[in-house]
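Please read the structure below before turning to the comments.
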Amino acid sequence: MNATADGRCVSTAPLDLETIRRTAQEVIADGARIEQPDEIATIITLLRGVLELLIPEVETLTGRHPREHVPAICARACLGESRMRLRLGNGDTPAVRLSTAQRLARSALALADHYERLGEPS
18 MNATADGRCV STAPLDLETI RRTAQEVIAD GARIEQPDEI ATIITLLRGV LELLIPEVET
78 LTGRHPREHV PAICARACLG ESRMRLRLGN GDTPAVRLST AQRLARSALA LADHYERLGE
138 PS
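Quick note: the sequence shown uses the numbering used here, first residue 18, plus one each step.
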């Protein structure tokens with residue numbers, strides 16, 4: 018971990034995009050059912066952590082591209098959506114909890130894609 022100029026801690030370890038994608042895809046798979054409240058709470062917490070890792074990484078990558086760079090524009094929109102999803106509550110019913118987990122998982126997948134696309138040389 019390293020501290021940024023504004024005092025936030027950022028990871029210097031590479032992101033495990035394969036694990037992030039596999040976890041997210043399991044949550045959004047057709048017919049995914051997670052019945053146990055403890056299990057879904059753990060998954061939601063895990064996915065929130067994934068977004069908290071991906072958001073600053075993707076944000077840094079968007080800053081390396083011109084404002085009119087279309088992939089960076091798309092990534093910025095995804096960043097806003099991901100931040101909004103971080104503010105979602107966990108939900109009071111199993112169906113709402115699963116929906117919350119699936120929304121977080123979709124954001125994680127999208128951010129992982131942007132991370133790869135923006136990290137490639139232009």
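Ideal Cβ positions, reconstructed from N, Cα and C, are used throughout, including at glycine.
Check: For the alpha helix (DSSP H) containing residue 104, name the first residue and the last one.; Outcome: First-last for residue 104: undefined, no H or E at that position.
Check: Using CA coordinates, which residue listed in 88, 118 and 101 is at the minimum distance from residue 130?; Outcome: 88
Check: Below 7 Å CB to CB, which residues in the same chain sit around residue 67 once its five sequence neighbours on both sides are set aside?; Outcome: 37 and 125
Check: So, at 7 Å on beta carbons, what are the nonlocal neighbours of residue 74 in its own chain, with the 5 sequence-adjacent residues on each side left out?; Outcome: 32 and 132
Check: How big is the Cα-Cα spacing for residue 127 and residue 92?; Outcome: 8 Å
Check: Using only the alpha-carbon positions, how far apart do residue 53 and residue 46 sit?; Outcome: 17 Å
Check: Within 10 Å of its beta-carbon, does residue 112 have 16 or more other beta-carbons around it, so buried, or fewer, so exposed?; Outcome: exposed
Check: With distances taken Cα to Cα, identify the nearest neighbour of residue 64 among 110, 109, 134 and 105.; Outcome: 105
Check: Can the beta-carbon of residue 120 be found less than 7 Å from the beta-carbon of residue 100?; Outcome: no
Check: What residue from 117, 135 and 134 has the CA that sits closest to residue 58's CA?; Outcome: 117
Check: Would you tell me roughly how many angstroms separate the C-alpha atoms of residue 51 and residue 35, rounded to the nearest one?; Outcome: 22 Å
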